[in-house]
Amino acid sequence: MGLELSSPVVASSSELTNKLDNLKKLEEAGAGAVVLRSLFEEEILAEMERTETAMQRPGPTFPEMAEMDDLIDPESGVADYLELVRGAKKELGIPVIASINGMSAQKWTYFASKLEEQGADALELNIFLQPSDFQAASAAEYEKIYFDIINMVLDQVSIPVSVKVSFYFTLLAQTLQAISKTGIKGLVLFNRFFNPDYNVEDLKIVPTNVLSTPSDLATSLKWVAIMNGRVDCDLAASTGVHDGDGVIKQLLAGANAVQVASTLYRNGLGVVSELNDRLVAWMQEKEYETLDDFRGMLSQQSIGNPAAYDRVQFVKNFRSMK
Ligand SMILES: Cc1cc2nc3c(=O)[nH]c(=O)nc-3n(C[C@H](O)[C@H](O)[C@H](O)COP(=O)(O)O)c2cc1C
Numbered sequence: 000m001g002l003e004l005s006s007p008v009v010a011s012s013s014e015l016t017n018k019l020d021n022l023k024k025l026e027e028a029g030a031g032a033v034v035l036r037s038l039f040e041e042e043i044l045a046e047m048e049r050t051e052t053a054m055q056r057p058g059p060t061f062p063e064m065a066e067m068d069d070l071i072d073p074e075s076g077v078a079d080y081l082e083l084v085r086g087a088k089k090e091l092g093i094p095v096i097a098s099i100n101g102m103s104a105q106k107w108t109y110f111a112s113k114l115e116e117q118g119a120d121a122l123e124l125n126i127f128l129q130p131s132d133f134q135a136a137s138a139a140e141y142e143k144i145y146f147d148i149i150n151m152v153l154d155q156v157s158i159p160v161s162v163k164v165s166f167y168f169t170l171l172a173q174t175l176q177a178i179s180k181t182g183i184k185g186l187v188l189f190n191r192f193f194n195p196d197y198n199v200e201d202l203k204i205v206p207t208n209v210l211s212t213p214s215d216l217a218t219s220l221k222w223v224a225i226m227n228g229r230v231d232c233d234l235a236a237s238t239g240v241h242d243g244d245g246v247i248k249q250l251l252a253g254a255n256a257v258q259v260a261s262t263l264y265r266n267g268l269g270v271v272s273e274l275n276d277r278l279v280a281w282m283q284e285k286e287y288e289t290l291d292d293f294r295g296m297l298s299q300q301s302i303g304n305p306a307a308y309d310r311v312q313f314v315k316n317f318r319s320m321k
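The numbering of the sequence shown is numbering that gives the first Met the number 0, which starts it at 0 and goes up by one.
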């Protein structure tokens, strides 16, 4: 993304990256960069509506939104977020990546420029349209919204933009490739979602597996390996990286950066130094001097058609179970 990182290990967006103290601890532990917790589109739109009412001018166009700046409620989540970006930039030496979670191509995209103004080094757009939408016209229409959002945000900022997505696409490989060609500088594979579980005693629906485990690594590992060399931007791996070996695997698959969240919750912010130490020790053992000496070594770049390869592996592995 054009950002120079002292380590490929990046603190993923979460509630932990919503506090300046934590951000400083992450830098001390050796994080290469931090992604701040996401500001939600709904929070931005609510604040915009409030300021529009204050201006007594409903539905302003983009240039008029500049007036919004003086009217942002200092007590609002939006104001807190701007303060977080400002504070992080003041206190940290590592790149600070702001984050917005959006799901519609609307005027909230203007707000990306506010984050750039506060000094954010980059912006991660977490775009997630729910695949459970029975009212959506078609997969193509649905997917178009991703591109509309990206184009609108790219119009607003000159800092690098990365896009964090889920794997719920009709034709994931081609969609990821097309997204990578929009002018974004990074793709984050993948987002993690809420999944329900059932309590069979009180018959209630409860959230499950909010935090990942190391076995959740497989999906992002596979897709980083498939997309390596087939995208026009950098790749960051997200989900299931809990230890140094997880970082090494994602780099072997072709990741430029490796994001971690759950392991910070499970093992503390200091775990970042353990991930870095393991990576360095492994590189010394294998006599690698730079990450580029082995990055992508186990990717699927040389496999002509990953779909055919997948099919063969699938049949082989299932038939080998006796
Ligand atoms: C408590 C919590 C809060 C999160 N908040 C955000 C968020 O605000 N924005 C975002 O893009 N991802 C958010 N995530 C997702 C993480 O950034 C990450 O993509 C996901 O947890 C998978 O990575 P992991 O296996 O290292 O946890 C959150 C995750 C957790 C556990």
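Here a beta-carbon is modelled for each residue, glycine too, at the ideal position from N, C-alpha and C.
No residue range can be given for Val240, since it is assigned to no beta strand (DSSP E) and is classified by DSSP as neither H nor E. Of the heavy atoms belonging to ligand 1, none sits nearer than 7 Å to the Cβ of Tyr80. Cβ-Cβ separation between Val230 and Gln176: approximately 6 Å, consistent with a contact (criterion under 8 Å).
By the neighbour-count criterion, in which a residue is buried when 16 or more other Cβ atoms sit within 10 angstroms of its Cβ, Val314 is exposed. In the three-state DSSP reduction, Thr207 falls in the strand class (E or B). One Cα belongs to Glu288, the other to Asp215, and the distance between them is close to 29 Å.
A check of alpha carbon separations from Glu14 across Ala260, Pro73, Gly76 and Ile43 identifies Ala260 as the nearest. In this structure Leu234 touches Leu186 by the C-beta definition: roughly 6 Å separates them, less than 8 Å. Put simply, of Ser103, Gly295 and Asn190 the residue whose alpha carbon is nearest the alpha carbon of Arg36 is Asn190. In this structure, Val95 and Ala119 form a Cβ contact; the two beta carbons are roughly 6 Å apart against a cut-off of 8 Å.
With contacts defined as CB atoms closer than 8 Å, Asn125 and Lys180 fail to qualify as a contacting pair. In terms of Cα proximity to Gly269, the closest of Pro7, Thr50 and Ala30 is Ala30.
The DSSP assignment places complete beta strand (DSSP E) segments of no fewer than 3 residues inside the segment 154-220 at 160-164, 185-188, 194-198 and 203-207, in order along the chain.
Contact between the segment 69-88 and the segment 33-48 is established, with three or more Cβ pairs separated by less than 8 Å. At least 8 Å separates the beta-carbon of Gln134 from that of Leu81.
DSSP lists no bridge partner for Asn150. In the pairwise beta carbon analysis, the segment 135-147 is classified as not touching the segment 13-27: fewer than three pairs are separated by under 8 Å.
In the DSSP assignment, Val230 falls outside any beta strand (DSSP E) and carries neither an H nor an E.
One thing to note: Leu122 has its Cβ no nearer than 8 Å to the Cβ of Val77. If you check the CB distance, Ile158 and Gly101 do not come in under 8 Å. Between ligand 1 and the CB of Val257, the shortest heavy atom gap is not smaller than 7 Å. Residue burial is scored here from C-beta neighbours: Gln312 has fewer than 16 other C-beta atoms within 10 angstroms and is therefore classed as exposed.
Distance from the CA atom of Ser298 to the CA atom of Val223, rounded to whole angstroms, is 8 Å. Per DSSP, the unbroken alpha helix (DSSP H) holding Asn275 starts and ends at Val270 to Lys285. Ranked by Cα distance from Pro7, the options Gln249, Pro305, Tyr308 and Tyr197 are led by Gln249. DSSP places Gly86 in the uninterrupted alpha helix (DSSP H) bounded by Gly76 to Glu90. No Cβ-Cβ contact shorter than 8 Å links Val246 with Thr262. Taking 7 Å as the cut-off, the C-beta of Lys163 counts as close to a heavy atom of ligand 1. Under the DSSP definition of a beta bridge, Leu124 partners with Ile99 and Val162. In terms of CA proximity to Ser131, Thr169 leads the group Thr169, Glu115, Ala28 and Cys232.
Excluding five sequence positions before and after Glu284, none of the CB atoms of its chain fall closer than 7 Å to its own CB. Judged by beta-carbon spacing, Lys143 lies beyond the 8 Å limit of Ser161, meaning their Cβ atoms are not closer than that value.
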